[in-house]
């Protein structure tokens with residue numbers, strides 16, 4: 001995804017390719033096949049000639065601009081600006097290397113060589129695009145994907161923005177459009193119109209006036225990484241580089257639509273591209289009145305910076321909508337449908353929206369209503385700004401006089417940025433920055449450029465970004481902790497101070513903050529983030545230092561915390577290698593899906609495929625833990641639960657790598673689309689009798705109550721969708737619960753056995769001990785009433801069927817006695833079995849429970865245990881032992897040790913154990929020395 005823009009100031013035009021090459025050279029260049037069925041040079045020449053006639057005029061004389069470059073010279077330096085530091089460089093245009101005839105040309109690049117012939121020079125100096133060098137190489141990362149036909153610049157990193165390329169945001173594979181197909185490429189205009197028709201690319205160029213207009217396009221996810229750093233959203237980690245400006249050429253869309261004569265009922269323009277995606281072709285809509293308003297500048301573009309569109313940018317034709325998010329500018333356009341309501345396309349509904357910040361990702365998957373509410377759809381851009389210079393980690397000596405901060409700003413709704421302000425005291429006082437609007441220089445001319453009239457002289461609307469700069473003295477920088485920037489447009493819309501987080505992470509426009517770090521005789525600047533997956537920036541540093549982004553100071557230490565010692569960042573631990581370097585096998589989705597059952601379950605972690613078959617019996621969580629993630633992406637579950645030692649075992653089970661296309665399809669399946677919920681026309685409660693839990697699907701449970709039962713233990717009550725719905729959890733099994741850490745953006749996942757019984761309907765109670773260093777318990781305690789957590793299940797290797805019958809790893813067994821050992825909150829899984837046996841009058845299974853704790857307050861469910869023991873005197877007995885009892889304690893003192901275990905052993909008993917690692921380790925040692933078979937011991 002890449003960024004570039006026309007020059008800010010006056011610049012020399014790009015050097016045209018040499019149009020006087022010999023025919024032999026031209027034929028050599030044309031050896032690149034232009035069509036699968038063009039097997040002769042004559043046919044290839046015919047295609048090129050056809051394209052040349054469409055895109056060029058018959059003039060043979062040299063362009064006046066090309067002949068007289070001195071008219072565009074200036075003593076000022078000219079800068080080419082790209083918007084994503086630190087990879088962006090701002091360099092004088094005069095120092096850039098022009099393209100040369102040694103660069104291989106495709107037939108389309110030959111058209112470029114002739115195109116400058118119809119440009120005019122009226123003496124007005126305007127910004128011109130930088131020299132273009134056509135990429136010719138298929139990158140390795142694209143080689144095995146549907147985009148293997150798209151040549152891209154080798155500097156292009158998917159989320160980092162190189163300086164000379166326009167940013168790219170595609171929803172899937174790029175359609176391959178052959179040269180021979182372009183003249184007859186057709187677009188249908190249909191729907192609520194009196195005269196529906198189909199128009200070809202050739203007709204669009206021949207029948208409609210062409211215009212050339214400078215337009216800034218912005219991805220709605222621009223600056224999303226700042227949101228993702230605080231709390232992961234459902235989107236890529238864009239830095240501030242998802243924005244670019246170019247000269248687009250083509251007809252005004254209103255001219256084409258007028259021919260169809262929309263009816264009075266027509267309200268919306270639905271657009272659809274040729275890109276085939278998992279949920280259908282990409283499509284979206286805007287209001288028809290916008291498309292019919294010439295001042296809005298909405299156009300059908302076939303050129304960008306004077307060149308035919310490249311595949312990534314919509315070859316051969318696209319919609320370009322100024323002042324709105326890039327997602328509305330449909331590429332590879334095929335259909336224009338005029339309707340009386342917004343588009344029903346999947347991508348219009350589930351993309352490009354800012355849902356209320358109270359809606360969690362889990363809630364958004366469950367409830368379809370927010371996605372259907374047009375109030376949350378994004379159209380116009382919001383006001384935004386960013387700093388390009390200084391770059392992240394740029395160092396300046398304190399002996400310097402100061403530094404000139406520079407950056408960009410933009411807004412939507414055809415408005416202009418009216419001011420950019422810079423503060424060095426966290427917004428208490430502000431400096432007014434200088435603003436330059438290169439776009440305004442296009443209003444001074446009506447020349448023809450790239451085959452289209454520069455159509456800006458009579459327009460009041462603004463379609464482009466602006467550039468700002470502010471000089472700051474070194475004294476001011478040394479005495480400041482940071483520099484913050486905000487912009488305001490002429491509608492008085494002002495950038496907000498703080499972040500508005502939302503599920504899709506779009507339209508982030510909080511103040512852009514650059515932190516200042518004093519380091520000896522220098523100062524170092526830190527941007528919020530470094531684009532894409534690169535590390536760095538003050539937000540990452542704040543996380544490592546244990547900062548709180550909600551403290552009102554961007555997570556930095558507050559003045560009243562100055563005396564507190566800084567929290568020492570944890571030394572990064574080397575991550576375990578989970579892959580086998582000798583494995584080079586590429587696995588496609590179809591092959592993975594063939595292993596979704598119990599026999600040979602494969603699963604995916606971080607794009608790598610693992611065979612869980614050899615570990616089905618040995619897995620501590622039981623075979624179901626592996627089977628439940630078969631043929632799915634198990635990254636969140638695996639990373640959230642397993643230790644480094646467990647990760648170190650993974651190379652043994654590594655069998656291959658999922659192909660990029662297969663991984664994309666796996667992570668974005670149509671099945672995960674938020675399901676439409678049909679609301680019955682009734683006031684009666686909905687009755688649902690099917691179990692709530694699903695083993696392979698995360699579902700949202702709403703927290704309805706919290707109740708403290710001790711100083712460090714609470715019962716969390718969650719409500720099911722229906723009062724008649726069972727949870728669907730067999731006795732002895734667990735559910736997985738996950739909560740996203742808002743700071744790290746990673747999921748924390750733990751297994752819990754509910755306190756409520758398997759027969760309970762409509763709700764579920766979960767007993768949780770709140771440990772000071774417990775990541776999950778702290779996150780759960782912060783969940784607000786009415787919010788959701790993700791759950792799925794059942795999981796676990798043990799199921800109690802009653803009357804001594806149980807299954808272990810799928811094998812049916814029977815026992816007459818359970819010996820149970822637990823400590824702390826480990827009571828819940830053994831309690832579920834004890835309770836089931838005690839409450840069934842016909843169940844004569846003997847149960848002996850050893851419950852170890854520190855103090856009396858730590859004994860959980862003491863009253864319930866006493867009640868069950870009293871109800872089944874002949875079969876149930878409970879022994880509590882305390883390591884730190886009070887003087888009033890009359891029970892056993894001490895830990896659960898070898899003496900206690902041996903004293904309560906019984907021949908033929910099955911042992912159920914759950915507690916701290918130290919307790920489980922000791923129990924395993926003692927039972928092993930006693931000769932108890934491993935198959936008779938279950939560790940939950």
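Residue numbers (the UniProt record's numbering): 1 to 940.
For each residue, glycine too, the CB sits at the ideal point set by N, CA and C.
> Under the three-state reduction of DSSP, which class applies to residue 21: helix, strand or coil?
Replying inline: For residue 21, the predicted model reports a pLDDT of 27, less than 50, meaning its position is unreliable; a value from the coordinates is still stated below. Residue 21: coil per DSSP, three-state reduction.
>> Tell me which residues share the same chain as residue 196 and place their Cβ nearer than 7 angstroms to its Cβ, disregarding the 5 neighbours each side in the sequence.
In response: 189, 190 and 260
>> I need the straight-line Cα distance from residue 236 to residue 431, nearest angstrom please.
In response: Rounded to the nearest angstrom, the two C-alpha atoms are 33 angstroms apart.
> Could you give the residue range of the beta strand (DSSP E) that holds residue 395?
Replying inline: Unbroken beta strand (DSSP E) run through residue 395: 395 to 397.
>> Once DSSP output is grouped into helix, strand and coil, what is the label at residue 583?
In response: coil
> Measuring CB to CB, does residue 636 end up less than 9 angstroms from residue 603?
Replying inline: No, the pair does not count as a contact, with Cβ atoms beyond the cut-off.
> Terminal residues of the continuous alpha helix (DSSP H) containing residue 350?
Replying inline: 346 to 350
> Which full runs of the alpha helix (DSSP H) of 4+ residues lie inside the segment 218 to 290, going along the chain?
Replying inline: 224 to 230 and 253 to 260
> Based on the DSSP output, what are the partners of residue 630 in its beta bridges?
Replying inline: Note: residue 630 sits in no beta bridge, so no partner.
> Of all the options 552, 857, 605 and 536, which has the alpha carbon lying nearest to the alpha carbon of residue 710?
Replying inline: Nearest in C-alpha terms to residue 710, of all of 552, 857, 605 and 536, is 857.
>> Just verifying my parser: in three-state terms, what is the DSSP assignment at residue 538?
In response: helix
> Looking only at C-alpha atoms, which of 380, 394 and 441 sits nearest to residue 414?
Replying inline: Of the listed residues, the one whose Cα sits closest to residue 414 is 380.
> In whole angstroms, what is the alpha-carbon distance linking residue 289 and residue 295?
Replying inline: 11 angstroms
> Is it true that the CB of residue 422 sits closer than 9 angstroms to the CB of residue 495?
Replying inline: Judged by beta-carbon spacing, residue 422 lies beyond the 9 angstroms limit of residue 495, meaning their Cβ atoms are not closer than that value.
>> Please classify residue 893 as buried or exposed, where buried requires at least 16 other C-beta atoms within 10 Å of its C-beta.
In response: exposed
>> Give me, in chain order, the residues of the same chain whose beta-carbon lies closer than 6 angstroms to that of residue 404; leave out the 5 immediate sequence neighbours on both sides.
In response: The answer, listed in chain order, is 469 and 471.
> Near residue 738, which residues of its chain fall below 6 angstroms by C-beta distance, leaving aside the five closest residues on each side in sequence?
Replying inline: 747, 749 and 790
>> If distances are taken between C-alpha atoms only, which option among 241, 174 and 779 comes closest to residue 527?
In response: 241
>> Less than 9 angstroms between the beta carbons of residue 214 and residue 456, yes or no?
In response: yes
>> Can you give me the C-alpha to C-alpha distance between residue 668 and residue 788, rounded to a whole angstrom?
In response: Distance between the alpha carbons of residue 668 and residue 788: 22 angstroms.
> What are the complete beta strand (DSSP E) segments, minimum 3 residues, inside the segment 349 to 384?
Replying inline: none
> If residue 317 and residue 204 are in contact, beta carbons under 8 angstroms, what's the gap, nearest whole angstrom?
Replying inline: 7 angstroms
> Contact check, residue 420 vs residue 480 under 8 angstroms by CB: the rounded distance?
Replying inline: Residue 420 to residue 480, Cβ: 18 angstroms. No contact.
>> Just to confirm the assignment, what range does the beta strand (DSSP E) spanning residue 835 have?
In response: Residue 835 -> not in any beta strand (DSSP E); alpha helix (DSSP H) instead, spanning 827 to 838.
>> What does the alpha-carbon distance come out to for the pair residue 56 and residue 181?
In response: Its pLDDT being 46, under 50, residue 56 is placed unreliably in this model, and the coordinates cannot settle the point.
>> Let me check understanding here. Comparing Cα to Cα, which of 889, 930, 400 and 908 lies closest to residue 899?
In response: 930
> Taking residue 399 as the reference, which of 353, 416, 478 and 435 has the closest Cα?
Replying inline: 478
>> At the level of alpha carbons, what is the spacing between residue 234 and residue 835?
In response: Distance between the alpha carbons of residue 234 and residue 835: 42 angstroms.
> Based on the DSSP secondary-structure assignment, which residues constitute the bridge partners of residue 464?
Replying inline: In the DSSP output, where bridge partners are listed per residue, residue 464 has none listed.
> residue 730 and residue 628: beta carbons closer than 9 angstroms?
Replying inline: no
> Can you tell me whether residue 206 is buried or exposed, with buried defined as 16 or more other CB within 10 angstroms of its CB?
Replying inline: exposed
> Does DSSP put residue 682 in a helix, in a strand, or in coil?
Replying inline: With a pLDDT of 43 at residue 682, under the threshold of 50, the predicted position of this residue should be treated as unreliable, though the coordinate-derived value follows. In the structure shown, residue 682 sits in coil (DSSP, three-state: anything other than H, G, I, E or B).
>> Going by the DSSP bridge assignment, what does residue 472 pair with across the sheet?
In response: 403
> Is it buried or exposed for residue 649, if we count other Cβ within 10 angstroms and need 16 for buried?
Replying inline: exposed
>> Taking CB distances under 9 angstroms as the criterion, tell me whether residue 398 reaches chain B.
In response: Absence of chain B from the displayed structure is noted, only one protein chain being present.
> Within this structure, are the beta carbons of residue 846 and residue 817 separated by less than 9 angstroms?
Replying inline: yes
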